[in-house]
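In the numbering used here, the protein residues as written are 17 to 148.
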């Protein structure tokens with residue numbers, strides 16, 4: 017399966033980051049040596065300025081539910097999709113996320129996480145702000 021993504025990271029079965037795109041490293045403002053072997057989703061949640069998760073204001077309880085759903089994404093042929101609103105360089109940007117479990121010979125070995133700019137949602141948000 018091939019995804020066209022803006023940001024990407026890959027984890028091992030214990031959720032430690034083993035690979036990341038240059039764009040993801042730039043987004044977080046980190047070098048790979050700083051990110052390598054950090055926990056995947058907890059790092060994303062702590063390093064990005066996330067305002068909303070799946071249309072709800074980010075709160076600790078919702079963040080824990082989100083992490084719980086993420087941890088369940090280790091079944092073959094199961095994708096988990098999510099939406100986040102993040103602040104990047106002072107601008108609100110909507111990102112769509114896809115979590116893809118990775119298997120080798122029926123054994124779970126990790127996850128790929130793709131983040132894609134949701135340009136339509138970002139445009140609609142800007143249009144709404146202009147109309148105020």
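Where is the CB? At the ideal position from N, CA and C, for every residue including glycine. As the structure is a prediction and not an experimental result, all values here were calculated from the model.
For residue 34, I'd like the list of residues in its chain whose CB is within less than 6 Å of its CB, leaving aside the five on either flank, ordered along the chain.
For residue 34, where only same-chain residues beyond five positions count, the Cβ hits under 6 Å are 26 and 28.
Go ahead and pull the three-state DSSP assignment for residue 17.
Residue confidence for residue 17 is low, a pLDDT of 44 falling below 50, so the modelled location carries little weight and cannot support an answer.
So residue 99 is in the beta strand (DSSP E); what residue range does that whole segment cover?
That run of the beta strand (DSSP E) goes 96-104.
With C-beta atoms as the reference, is residue 83 less than 7 Å away from residue 57?
Yes, these two residues count as a Cβ contact at 7 Å.
Ordered along the chain, which non-local residues of its own chain (more than five positions away) have a Cβ less than 7 Å from that of residue 52?
For residue 52, where only same-chain residues beyond five positions count, the Cβ hits under 7 Å are 33.
Per DSSP, residue 116 forms a beta bridge with which residues?
Answer by DSSP bridge pairing, in chain order: 128.
Check for me: the alpha helix (DSSP H) holding residue 50 runs from which residue to which?
Start and end: 48-51.
Return yes when the Cβ of residue 66 is within less than 7 Å of the Cβ of residue 100, no when it is not.
For residue 100 and residue 66, yes; Cβs fall inside 7 Å.
Indicate the three-state DSSP secondary structure (helix, strand or coil) for residue 111 in the structure shown.
In the structure shown, residue 111 sits in a strand (DSSP, three-state: E or B).
Mind reading off the beta-carbon distance from residue 98 to residue 70? Whole number of angstroms is fine, and I expect it under 8 Å.
Residue 98 to residue 70, Cβ: 6 Å. Contact.
Quick one: Cα of residue 123 to Cα of residue 30, how far?
Taking the straight line joining both Cα atoms gives about 13 Å.
Does DSSP classify residue 121 as helix, strand or coil?
DSSP places residue 121 in coil when its eight states are reduced to three.
Strictly by DSSP, which residues pair up with residue 55?
Answer is 32.
Taking the DSSP output, what are the residues bridged to residue 27?
Paired residues: 33 and 127.
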